[in-house]
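Student: The structure under discussion is supplied below as structure tokens; questions concerning it will follow.
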Amino acid sequence: MKRYLVGIALLTFSGLAFGQDDLMKELESSQTNDVDYAFQTFKGTRIVNGHTVETKPKGTLEFIFAHRFGEVNGGYYELFGLDDAYVRYGLDYGVTDNLSISYGRNSVDKTMDGYAKYKILKQSTGAKNFPFTLTALGGVAYRTSPKKDNVPPGFKNIDRLAYVAQLLMARKFTPSFSLQLMPTFIHKNAVDQTFEENDQMAMGVGGRLKVTKSVALTSEYYYRLNVNENSPYKNTFGIGVDIETGGHVFQIVVTNTRGLTERAFITETDGDFTEGDIHLGFNVTRTFQLGGSRSKN
Amino acid sequence: MKASILFTLILLSSSLATAQKFLTEKGTISFFSDAAIEDITAENTMVGSLFNATTGELVFIVKIKDFIFPKALMREHFNEKYMETEKFPKSLFTGKLKGYTLTDKGEQNVTATGKLTIHGVTRDVEVPGTIVFDSGKAMMKGKFMVALKDYDIKIPKLVWQNIAEEIEVKIDFVYKPMK
Numbered sequence: 314m315k316r317y318l319v320g321i322a323l324l325t326f327s328g329l330a331f332g333q334d335d336l337m338k339e340l341e342s343s344q345t346n347d348v349d350y351a352f353q354t355f356k357g358t359r360i361v362n363g364h365t366v367e368t369k370p371k372g373t374l375e376f377i378f379a380h381r382f383g384e385v386n387g388g389y390y391e392l393f394g395l396d397d398a399y400v401r402y403g404l405d406y407g408v409t410d411n412l413s414i415s416y417g418r419n420s421v422d423k424t425m426d427g428y429a430k431y432k433i434l435k436q437s438t439g440a441k442n443f444p445f446t447l448t449a450l451g452g453v454a455y456r457t458s459p460k461k462d463n464v465p466p467g468f469k470n471i472d473r474l475a476y477v478a479q480l481l482m483a484r485k486f487t488p489s490f491s492l493q494l495m496p497t498f499i500h501k502n503a504v505d506q507t508f509e510e511n512d513q514m515a516m517g518v519g520g521r522l523k524v525t526k527s528v529a530l531t532s533e534y535y536y537r538l539n540v541n542e543n544s545p546y547k548n549t550f551g552i553g554v555d556i557e558t559g560g561h562v563f564q565i566v567v568t569n570t571r572g573l574t575e576r577a578f579i580t581e582t583d584g585d586f587t588e589g590d591i592h593l594g595f596n597v598t599r600t601f602q603l604g605g606s607r608s609k610n
Numbered sequence: 131m132k133a134s135i136l137f138t139l140i141l142l143s144s145s146l147a148t149a150q151k152f153l154t155e156k157g158t159i160s161f162f163s164d165a166a167i168e169d170i171t172a173e174n175t176m177v178g179s180l181f182n183a184t185t186g187e188l189v190f191i192v193k194i195k196d197f198i199f200p201k202a203l204m205r206e207h208f209n210e211k212y213m214e215t216e217k218f219p220k221s222l223f224t225g226k227l228k229g230y231t232l233t234d235k236g237e238q239n240v241t242a243t244g245k246l247t248i249h250g251v252t253r254d255v256e257v258p259g260t261i262v263f264d265s266g267k268a269m270m271k272g273k274f275m276v277a278l279k280d281y282d283i284k285i286p287k288l289v290w291q292n293i294a295e296e297i298e299v300k301i302d303f304v305y306k307p308m309k
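This is how it looks when you write it as structure tokens:
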């Protein structure tokens with residue numbers, strides 16, 4: 314009899330000891346395997362000059378102030394470029410989590426730009442596996458320079474327009490490393506055909522490497538595919554440091570271009586990075602929440 | 131001798147038959163952080179929990195990415211800077227609930243003791259709360275404080291929207307009986 318009591322006691326005891334773990338296993342197995350989307354492949358909506366796959370979450374408005382100084386090889390006379398300034402003021406708004414629109418004004422060629430950006434596919438693991446995030450970008454740039462009274466003969470207003478279409482493909486390989494490819498098509502309504510084409514293509518590559526939770530290094534390069542042999546322009550390259558402080562993202566960049574629309578920085582970069590035609594600059598963003606965020610991803 | 135075997139069998143079978151388990155897949159866990167610049171609240175309504183009312187065993191799983199915030203940026207910071215969700219996607223609790231009687235209909239004060247894992251750190255906790263058994267359901271509520279440093283959650287120096295060093299966590303589970 315005693316032996317049996319011991320047996321019962323042991324049984325009960327072991328049942329108690331393992332019960333919680335069994336219950337946890339039971340709970341784990343009852344849970345559905347849901348989809349984990351990669352979040353924050355990039356910190357902001359721009360790598361250096363160009364766009365990342367990121368769209369603004371629904372109802373958020375981001376103010377971007379981008380600023381490029383002159384070329385550092387301007388010497389002491391130009392205070393190493395600091396005497397000059399090229400700026401873009403812009404607003405990006407999240408219509409839905411996957412659709413953003415933006416508007417900006419550039420001092421270079423007094424250009425206004427507008428974009429629509431749509432996240433088509435999202436990198437995910439779990440119940441749905443997809444290796445990268447795909448975003449489509451379409452943009453229009455309207456240069457208000459030259460002034461109406463100063464236009465050359467035969468100039469029409471429609472000549473001021475340029476268009477950009479990009480497919481942005483990015484993969485977040487690790488929490489700190491992301492890589493992006495951006496095949497780009499640019500159409501300019503009017504060009505000097507002695508040294509450039511109306512339709513120009515480029516392949517961009519960019520990336521991000523996080524150094525700490527709030528600091529990351531970014532870089533991007535656009536290789537132009539159909540370059541006219543008389544083209545005076547260079548491929549654009551840039552390096553940036555992203556510093557995130559609360560609602561701000563502060564990016565310090567060095568790049569060989571002063572333009573901030575695709576037309577300007579992909580097809581009309583005149584600086585040679587290796588020759589010291591380097592512009593110091595920064596992008597400062599401030600995010601505001603306008604609508605409610607009930608979004609899950 | 132035979133009587134004792136029979137006794138054992140009866141004991142075992144009776145305990146199996148009456149093991150009353152409760153399940154929820156949509157439990158709510160919310161937290162509140164009182165900070166200098168901005169109060170931060172977040173809610174997760176997708177918490178899974180199992181409660182064995184016969185033994186008192188209680189477990190729950192919280193997926194960190196399911197917390198919803200009033201501002202999208204808070205959610206980004208929470209997942210990326212504080213909780214490191216990619217490294218530690220879940221918080222877990224395994225423990226026991228004490229101080230209730232299954233047949234009692236009113237609100238009963240209970241205590242849950244066990245191990246709570248947040249941000250990859252497991253600690254022994256004791257959480258006071260209440261439970262109500264009503265028309266086959268079990269309603270469990272609890273409230274406790276979590277000190278970020280206990281779970282090795284660091285506040286990034288550059289983030290000025292600091293959250294409090296201690297946050298208040300609320301639990302609100304409505305269980306259905308498990309068949």
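Those protein sequences? They're chains D and H, same order as listed.
In terms of my numbering, the first sequence opens at residue 314 and continues consecutively.
In terms of my numbering, the second sequence opens at residue 131 and continues consecutively.
No residue lacks a Cβ here, since even glycine has one placed at the ideal position from N, Cα and C.
Quick caveat: nothing in here was measured; it's all calculated off a predicted structure.
DSSP puts N419 of chain D in a beta bridge; with which residues?
Tutor: DSSP output for N419 of chain D lists D:R401 and D:T424 as bridge partner(s).
Student: Along chain H, in chain order, which residues have C-beta atoms closer than 7 Å to that of E581 of chain D?
Tutor: Per Cβ cutoff of 7 Å: no residues; E581 of chain D is ~34 Å from chain H at best.
Student: So, at 7 Å on beta carbons, what are the nonlocal neighbours of K220 of chain H in its own chain, with the 5 sequence-adjacent residues on each side left out?
Tutor: The answer, listed in chain order, is I191, V192, K193 and I194.
Student: Going by the CB atoms, is the gap between F162 of chain H and I293 of chain H shorter than 8 Å?
Tutor: Their beta carbons are not under 8 Å apart, which means I293 of chain H does not touch F162 of chain H by this criterion.
Student: Assign H249 of chain H to one of three DSSP states: helix, strand, or coil.
Tutor: If DSSP states are grouped into helix, strand and coil, H249 of chain H belongs with coil.
Student: Going by DSSP in three states, A166 of chain H sits in which element: helix, strand or coil?
Tutor: In the structure shown, A166 of chain H sits in coil (DSSP, three-state: anything other than H, G, I, E or B).
Student: So A429 of chain D and N596 of chain D are in contact, right, with Cβ under 8 Å, and what is the actual spacing, rounded?
Tutor: Wrong, their Cβ atoms sit about 20 Å apart, outside the cutoff.
Student: What three-state label does DSSP hand V524 of chain D in the structure shown?
Tutor: Correct three-state label for V524 of chain D: coil.
Student: For chain D, is any of its Cβ atoms less than 8 Å away from the one on P286 of chain H?
Tutor: Yes, contact with chain D.
Student: Which same chain residues, not among the five before or five after A449 of chain D, have their C-beta less than 7 Å away from its C-beta?
Tutor: Around A449 of chain D: Y431, I433 and L480.
Student: Just how far apart, CA to CA, sit Q564 of chain D and V554 of chain D?
Tutor: Using only the alpha carbons, I get a separation of about 5 Å.
Student: For I360 of chain D, name the three-state secondary structure that DSSP assigns.
Tutor: I360 of chain D falls in the coil class under three-state DSSP.
Student: Under a three-way DSSP split, which group does F187 of chain H fall into?
Tutor: Note on residue identity: the sequence assigns Glu, not Phe, to residue 187 of chain H. Strand.
Student: Leaving out the 5 sequence neighbours to the left and right, which residues in its chain are closer than 6 Å to S327 of chain D when beta-carbon positions are compared?
Tutor: At S327 of chain D the pLDDT is 45, less than 50, meaning the model places this residue with poor confidence and gives no usable figure here.
Student: Can you tell me which of the three DSSP states F223 of chain H falls into?
Tutor: DSSP places F223 of chain H in strand when its eight states are reduced to three.
Student: Using a Cβ-Cβ cutoff of less than 7 Å, which residues in the same chain neighbour T175 of chain H once the five nearest sequence positions on both sides are dropped?
Tutor: Within the same chain, T175 of chain H has close Cβ partners K156 and T158.
Student: For the alpha helix (DSSP H) that F355 of chain D lies in, which residues bound it at each end?
Tutor: Note, F355 of chain D: premise wrong, no alpha helix (DSSP H); not H, not E.
Student: Got a sec: is the Cβ-Cβ distance from E256 of chain H to anything in chain D below 8 Å?
Tutor: Output row for E256 of chain H: interface = no.
Student: With a threshold of 8 Å between beta carbons, is M337 of chain D in contact with chain H?
Tutor: Yes, its Cβ sits closer than 8 Å to a Cβ of chain H.
Student: Rounding to the nearest angstrom, what Cα-Cα distance links E341 of chain D and V177 of chain H in this structure?
Tutor: Going from the Cα of E341 of chain D to the Cα of V177 of chain H covers about 12 Å.
Student: Would you call the CB atoms of Q150 of chain H and L232 of chain H closer than 8 Å?
Tutor: Result yes, Cβ atoms of Q150 of chain H and L232 of chain H sit closer than 8 Å.
Student: Compare the C-beta of K211 of chain H against all C-beta atoms of chain D and say whether one is closer than 8 Å.
Tutor: It does; some Cβ of chain D falls within 8 Å.
Student: For chain H, find out if any of its Cβ atoms is closer than 8 Å to the Cβ of S527 of chain D; answer yes or no.
Tutor: So, interface residue.
Student: Would T154 of chain H be called buried (16 or more neighbouring beta carbons within 10 Å of its own) or exposed?
Tutor: Answer is buried; the Cβ neighbour count reaches 16.
Student: In whole angstroms, give me the CA-to-CA distance for D410 of chain D and I499 of chain D.
Tutor: Each residue's alpha carbon lies about 26 Å from the other.
Student: Please name the residue in D:L538, D:R576, D:L603 and D:G407 whose C-alpha comes closest to that of M514 of chain D.
Tutor: Ranking the options by Cα distance to M514 of chain D, first place goes to D:L538.
Student: Would T158 of chain H count as contacting chain D if we go by Cβ distances under 8 Å?
Tutor: It does not; no Cβ of chain D falls within 8 Å.
Student: Is E581 of chain D helix, strand or coil when you go by DSSP?
Tutor: Reduced to three states, the DSSP call for E581 of chain D is coil.
Student: Considering only the beta carbon of each residue, do K356 of chain D and A529 of chain D sit closer than 8 Å?
Tutor: Yes, Cβ-Cβ distance for K356 of chain D and A529 of chain D is below 8 Å.
Student: Would you kindly check if the distance between the Cβ of F263 of chain H and the Cβ of K235 of chain H is under 8 Å?
Tutor: In contact: K235 of chain H and F263 of chain H (Cβ atoms closer than 8 Å).
Student: Expressed to the nearest angstrom, what Euclidean distance is found between the alpha-carbon atoms of G551 of chain D and N442 of chain D?
Tutor: Distance between the alpha carbons of G551 of chain D and N442 of chain D is about 32 Å.
Student: Just the C-alpha distance for V255 of chain H and V189 of chain H, rounded to the nearest angstrom, thanks.
Tutor: The alpha-carbon atoms of V255 of chain H and V189 of chain H are separated by roughly 13 Å.
Student: Note down, in chain order, each residue of its chain lying with its Cβ closer than 6 Å to the Cβ of V348 of chain D, except the 5 sequence neighbours on either side.
Tutor: Taken in chain order, the residues that qualify are S437, G439, A440 and K441.
Student: Anything in the segment 340-355 of chain D with a Cβ closer than 9 Å to a Cβ of chain H? List those residues in chain order, please.
Tutor: Listed in sequence order: L340, E341, S343, Q344, T345, D347, D349, Y350, A351, F352 and Q353.
Student: Across which residues does DSSP place R571 of chain D in a beta bridge pair?
Tutor: R571 of chain D is not bridged to any residue.
Student: Can you find the residues in the same chain that come closer than 6 Å, C-beta to C-beta, to A577 of chain D, ignoring five residues on each side of it along the sequence?
Tutor: Contacts found: V421.
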